[in-house]
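Colleague: Protein chains in written order, with the working numbering: chain F, 79 to 318; chain B, 339 to 583; chain H, 12 to 253.
Glycine residues also receive a C-beta, built at the ideal position from the N, C-alpha and C atoms.
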Amino acid sequence: MTRFALPVALLILLEISVDARFIPTPSVVATGAYELIRSGELWRHLALTLSRTLAGFAIASLVGIAAGLSLGYYRAARLYCMPTIEVFRAIPGVALLPLAVLWFGLGSSSQIPVIAFAATFPVLLNAMRGAEELPSILVRAGQVMELDSMSLFRHVLVPASVPFIFTGLRLSIVYALTSGVGAEIIAGTDGLGFLILDYQRTLVPEKMFATMILVAILGLGLSTVLRAAEGRLLSYRHPS
Amino acid sequence: MKRLLLPIGLAILWEILARSPLGDPLYSPSLLQIGTALVALVTSGELVTHLGASAVRLLGGFTIALVTAVPIGLVLGSSSPMKRHLMPMLDLMRSFPSITLVPIAIVWFGIGDLAKGFLVAYACFWPMLLNTMTGVEETSPVLLRAARVMEVGDLALFRKILLPSALPSILTGVRISLAVSVIVLIVSEMVAATSGIGFLILDAERNYLTGKMFAGVLIMGVIGASLNALAQWTERYLLDYRAAA
Amino acid sequence: MAAIELRAVSKRFGDVIALTDTSLSVADGEFVSILGPSGCGKSTLLFIVAGLEQASGGEVSCDGVPVTGPGRERNVVFQEYALFPWRDVVGNVTIGLEGHVAAGEVEQRARHFVSMVGLAGFEHHYPHQLSGGMKQRTALARALAMEPKVLLMDEPFAAVDAQTRESLQEELLRIWSANRMTVLFVTHSIEEAIYLSERVVVMKPGGVKKTVSVEETYPRGYAFRTSEVASSLRIELHELLR
Numbered sequence: 079m080t081r082f083a084l085p086v087a088l089l090i091l092l093e094i095s096v097d098a099r100f101i102p103t104p105s106v107v108a109t110g111a112y113e114l115i116r117s118g119e120l121w122r123h124l125a126l127t128l129s130r131t132l133a134g135f136a137i138a139s140l141v142g143i144a145a146g147l148s149l150g151y152y153r154a155a156r157l158y159c160m161p162t163i164e165v166f167r168a169i170p171g172v173a174l175l176p177l178a179v180l181w182f183g184l185g186s187s188s189q190i191p192v193i194a195f196a197a198t199f200p201v202l203l204n205a206m207r208g209a210e211e212l213p214s215i216l217v218r219a220g221q222v223m224e225l226d227s228m229s230l231f232r233h234v235l236v237p238a239s240v241p242f243i244f245t246g247l248r249l250s251i252v253y254a255l256t257s258g259v260g261a262e263i264i265a266g267t268d269g270l271g272f273l274i275l276d277y278q279r280t281l282v283p284e285k286m287f288a289t290m291i292l293v294a295i296l297g298l299g300l301s302t303v304l305r306a307a308e309g310r311l312l313s314y315r316h317p318s
Numbered sequence: 339m340k341r342l343l344l345p346i347g348l349a350i351l352w353e354i355l356a357r358s359p360l361g362d363p364l365y366s367p368s369l370l371q372i373g374t375a376l377v378a379l380v381t382s383g384e385l386v387t388h389l390g391a392s393a394v395r396l397l398g399g400f401t402i403a404l405v406t407a408v409p410i411g412l413v414l415g416s417s418s419p420m421k422r423h424l425m426p427m428l429d430l431m432r433s434f435p436s437i438t439l440v441p442i443a444i445v446w447f448g449i450g451d452l453a454k455g456f457l458v459a460y461a462c463f464w465p466m467l468l469n470t471m472t473g474v475e476e477t478s479p480v481l482l483r484a485a486r487v488m489e490v491g492d493l494a495l496f497r498k499i500l501l502p503s504a505l506p507s508i509l510t511g512v513r514i515s516l517a518v519s520v521i522v523l524i525v526s527e528m529v530a531a532t533s534g535i536g537f538l539i540l541d542a543e544r545n546y547l548t549g550k551m552f553a554g555v556l557i558m559g560v561i562g563a564s565l566n567a568l569a570q571w572t573e574r575y576l577l578d579y580r581a582a583a
Numbered sequence: 012m013a014a015i016e017l018r019a020v021s022k023r024f025g026d027v028i029a030l031t032d033t034s035l036s037v038a039d040g041e042f043v044s045i046l047g048p049s050g051c052g053k054s055t056l057l058f059i060v061a062g063l064e065q066a067s068g069g070e071v072s073c074d075g076v077p078v079t080g081p082g083r084e085r086n087v088v089f090q091e092y093a094l095f096p097w098r099d100v101v102g103n104v105t106i107g108l109e110g111h112v113a114a115g116e117v118e119q120r121a122r123h124f125v126s127m128v129g130l131a132g133f134e135h136h137y138p139h140q141l142s143g144g145m146k147q148r149t150a151l152a153r154a155l156a157m158e159p160k161v162l163l164m165d166e167p168f169a170a171v172d173a174q175t176r177e178s179l180q181e182e183l184l185r186i187w188s189a190n191r192m193t194v195l196f197v198t199h200s201i202e203e204a205i206y207l208s209e210r211v212v213v214m215k216p217g218g219v220k221k222t223v224s225v226e227e228t229y230p231r232g233y234a235f236r237t238s239e240v241a242s243s244l245r246i247e248l249h250e251l252l253r
């Protein structure tokens, strides 16, 4: 119990000492959250942010896993592609938002590509490492059993890379949400990111803080789901 | 040579598309347009201004995070009572995605360098802190016992044992924090700024200077890739002793 | 016809010469050990027979058929077990059977070989839940389940403790006596080579130094390990390895 003493004390201190327009005090955040939920304006924005993030993340996962495993398995492909990938990877997704808006217009149609771009690289690089670091002894074991290349891919390469892929996915979901909210802040007309900026501009700090906390909860929720999926898929590593 | 094959191929493909009836100078500028914009950016000194502004914010914020997060992480990681008391609060604070702080940073610090520096520092602080703590926690107890036998003092323990053994983990934290902080920096430069590489890109788009916008994005990629290479090199240099094993 | 036949085999890795002009013939059903210090090329020789490495020169054949790559009639038990960590004991055995044995029989056959190596009751344990000895039993079951004519073993018991090693050796001899496949067994342990094999091929860096026969009938009990015959062989082999 003592471990909650300090945070609770701090929250009480916050509550009584600071200006609620600048620093979120517990009572202000609670009021904001209550108002947001009661008015119902929140759900539409939450649904939009969540669907954009998940759509971009889904595209990124498919592209990242496929490209990453192939690049990891074929040394030659790495040689040709890596320098170019390094340059693309260094471009933060949100830096491409103006371009995406120019090409695809405002809203989800430009935000999803930006999210997908940002989220592709972590999973790609980790899947690549997984395939690259595939223990050669397992390949040899597969070879003496005369597994064909399809079975070798399905029964050896993919399962051996799954732990690496999940490391990438956990990073990717953070990039996806960060880029999605960032894109909504820069040029959004809806979504949680837009909401935060809008409440700041229209001077409604209690709702702004409440929305910020909602984004935090969303991030934690998405990471938790991924972690649970990982735990199930990799249960063979833990004593049952 | 092989490394250049793909970029050259992509460039040729791009040029063909840009010059075909499908292309439109407004949406897909030719390489010539992009190149011209790039040269203009360099010769006018505009590039230096914006790159410089972004670099100051990034380096400033990063340094502040580094000199605070690493010592705090070393202490917290090695003291379990402190960790027990502070962790719930730290968990609460780090779960705030730094991106959501962009609007409030304007309220707190205005639209200048201070706000951006704060955002970068905040984004960098958490990954560095947590990775430092992990690194310390994973220090082999055998090493600590050996140090105790040799009567290594408290300060020397931090400097000579905990820091080096946490170093690989700290460097991982550095890499993650740089990636996230660049996103936050670009967003904040696009929302409210008059300088910086994010501003440059958005401003070019708003004025339909597509060639300039592409040049900005490209510069960003090349600089970022060079920085990554530098970070990798540093990491290899610092952790060079591991290669021998 | 010899089960394994190497004629003037050589192997280079870049500038490093691993084997030169090495010849060896192993009869059908014979148990032969290859004994030598580390780095003498004994594992390379084994992998060449397995088809995992290509000889730089010379000829390798099994039952008169030239070896060009890995084949199901030759199976390998690796020192590092090489188990798939995401498959349980039975799953590791079935992987080589899937698509080669009628689908309905795969599981049953795998279980048969799992109990043959003494792992009945551990069918659904994952590799990380097994001791080193049990891992190697699983790897042995996996190799045996494919019913190879030739079993190639690369220092299979080097990573387990002494007691486990002895019981694994006895187990291996029991299975070999019942099935009579050809075994080529790489080891750096003199005792192990004497206890297990009919012939010991002593290697020096780059090739074969001498072949020594072990004149002792099977089954070999524990007493054989400390017998006069074994002791004098031990001295002879020790001298050869110096």
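Scan the segment 546-564 of chain B for residues whose Cβ lies nearer than 9 Å to a Cβ of chain F and list them as they occur along the chain.
Modeller: The residues in question are 546, 548, 551, 552, 554, 555, 556, 558, 559, 560, 561, 562, 563, 564.
Colleague: Let me know if residue 206/F comes out buried or exposed under the rule of 16 or more other beta-carbons within 10 Å of its beta-carbon.
Modeller: It is buried - the Cβ of residue 206/F has at least 16 other Cβ atoms within 10 Å.
Colleague: Am I right that residue 503/B and residue 468/B are in contact with their C-beta atoms under 8 Å? What's the rounded C-beta distance?
Modeller: Their Cβ separation, rounded to whole angstroms, is 16 Å, which puts residue 503/B and residue 468/B out of contact at 8 Å.
Colleague: Give the list of continuous alpha helix (DSSP H) stretches no shorter than 4 residues that lie fully inside the segment 383-470 of chain B.
Modeller: Whole alpha helix (DSSP H) segments, 4+ residues: 384-416, 418-432, 440-447.
Colleague: Is the segment 174-187 of chain F touching the segment 21-28 of chain H in the sense that three or more CB pairs, one from each, lie closer than 8 Å?
Modeller: Output reads no: the segment 174-187 of chain F does not touch the segment 21-28 of chain H.
Colleague: Which chain B residues are close to residue 90/F, counting only those with a beta carbon under 9 Å from its beta carbon?
Modeller: Near residue 90/F there are no residues of chain B at all, since even the closest Cβ is about 13 Å away, more than 9 Å.
Colleague: Drop a sphere of 10 angstroms on the beta-carbon of residue 76/H, count the other beta-carbons inside from all chains shown, and report buried for 16 or more, exposed for fewer.
Modeller: Exposed: under 16 other Cβ atoms inside 10 Å.
Colleague: Three or more beta-carbon pairs under 8 Å between the segment 412-420 of chain B and the segment 229-246 of chain F, yes or no?
Modeller: Verdict: no, contact absent.
Colleague: Taking only beta-carbon atoms, is residue 82/F less than 8 Å away from chain B?
Modeller: Yes, its Cβ sits closer than 8 Å to a Cβ of chain B.
Colleague: On the DSSP bridge assignment, give the partners of residue 242/H in chain order.
Modeller: Partner(s): none; residue 242/H has no beta bridge.
Colleague: From the DSSP output, in three-state form, read off residue 106/H for me.
Modeller: Residue state, collapsed to three classes: coil.
Colleague: State the beta-bridge partners of residue 215/H as determined by DSSP.
Modeller: 218/H, per the DSSP bridge assignment.
Colleague: For chain B, is any of its Cβ atoms less than 8 Å away from the one on residue 164/F?
Modeller: Yes, residue 164/F counts as interfacial toward chain B.
Colleague: Any beta carbon from chain H within less than 8 Å of residue 97/F's own beta carbon?
Modeller: No, residue 97/F lies away from the interface with chain H (no Cβ there is under 8 Å from its Cβ).
Colleague: Determine the contact status of residue 225/H and residue 211/H, defining contact as a CB-CB distance below 8 Å.
Modeller: Yes, the Cβ-Cβ distance between residue 225/H and residue 211/H is below 8 Å.
Colleague: Who are residue 23/H's beta bridge partners in DSSP?
Modeller: In the DSSP output, where bridge partners are listed per residue, residue 23/H has 28/H.
Colleague: For residue 170/F, count neighbouring Cβ atoms within 10 angstroms of its own Cβ and tell me buried if that reaches 16, exposed if not.
Modeller: The residue is buried, with at least 16 neighbouring Cβ atoms inside 10 Å.
Colleague: Determine the direct distance from the alpha carbon of residue 314/F to that of residue 238/F, and round the result to whole angstroms.
Modeller: C-alpha separation (whole angstroms): 12 Å.
Colleague: Take residue 148/H and list the residues in its own chain whose beta-carbon comes closer than 8 Å to its own, dropping the five residues that flank it on each side.
Modeller: Correct list, in chain order: 128, 129, 130, 179, 182.
Colleague: I want to know whether the segment 526-540 of chain B touches the segment 441-452 of chain B - three or more CB-CB distances under 8 Å.
Modeller: Yes, the segment 526-540 of chain B is in contact with the segment 441-452 of chain B.
Colleague: Under 7 Å Cβ to Cβ from residue 59/H, same chain only, skipping five residues before and after it: list those, please.
Modeller: Cβ neighbours of residue 59/H beyond the five flanking positions: 20, 22, 66, 71.
Colleague: Given this structure, state the Cα-to-Cα distance separating residue 162/F from residue 192/F, to the nearest angstrom.
Modeller: Their Cα atoms are separated by approximately 18 Å.
Colleague: Look at residue 156/H and residue 121/H and say whether their C-beta atoms are less than 8 Å apart.
Modeller: Yes; because the gap between Cβ atoms is below 8 Å, this pair is in contact.
Colleague: With DSSP run on the structure shown, which of helix, strand or coil describes residue 71/H?
Modeller: Residue 71/H: strand per DSSP, three-state reduction.
Colleague: What number of angstroms, rounded off, separates the C-alpha of residue 225/F from the C-alpha of residue 107/H?
Modeller: Going by the C-alpha atoms only, they are around 7 Å apart.
Colleague: When the Cα atoms are used, what is the spatial distance from residue 90/F to residue 104/F?
Modeller: Computed Cα separation, rounded: 8 Å.
Colleague: Is residue 259/F close to chain B, meaning its C-beta is less than 8 Å from at least one C-beta of that chain?
Modeller: Answer yes: the Cβ-Cβ gap between residue 259/F and chain B drops below 8 Å somewhere.
Colleague: For residue 427/B, is the beta carbon positioned less than 7 Å from some heavy atom of the ligand SAM?
Modeller: This structure lacks the ligand SAM; in fact it carries no ligand of any kind.
Colleague: Pull out every residue of the segment 107-118 of chain F whose Cβ sits closer than 8 Å to any Cβ of chain B, in chain order.
Modeller: The residues in question: there are none.
Colleague: Any beta-carbon of chain B closer than 8 Å to the one on residue 290/F?
Modeller: Output row for residue 290/F: interface = yes.
Colleague: Taking Cβ positions only, does residue 134/H come closer than 8 Å to chain F?
Modeller: Not an interface residue.
Colleague: Report yes if the CB atom of residue 294/F is closer than 8 Å to the CB atom of residue 434/B, and no otherwise.
Modeller: Yes, they are a contact pair.
Colleague: Of all the options 217/F, 305/F, 167/F, 125/F, which has the alpha carbon lying nearest to the alpha carbon of residue 563/B?
Modeller: For residue 563/B, the nearest C-alpha among the options comes from 167/F.
Colleague: Cα separation between residue 337/F and residue 460/B?
Modeller: The structure shown does not extend to residue 337/F, since chain F is modelled only from 79 through 318, so no value can be given for it.
Colleague: Between residue 229/H and residue 104/H, what straight-line distance do the alpha-carbon atoms span, to the nearest angstrom?
Modeller: Spanning the two alpha carbons is a distance of roughly 28 Å.
Colleague: Between 176/F, 153/F, 84/F, which lies nearest to residue 545/B when the distance is taken from Cα to Cα?
Modeller: Of the listed residues, the one whose Cα sits closest to residue 545/B is 176/F.
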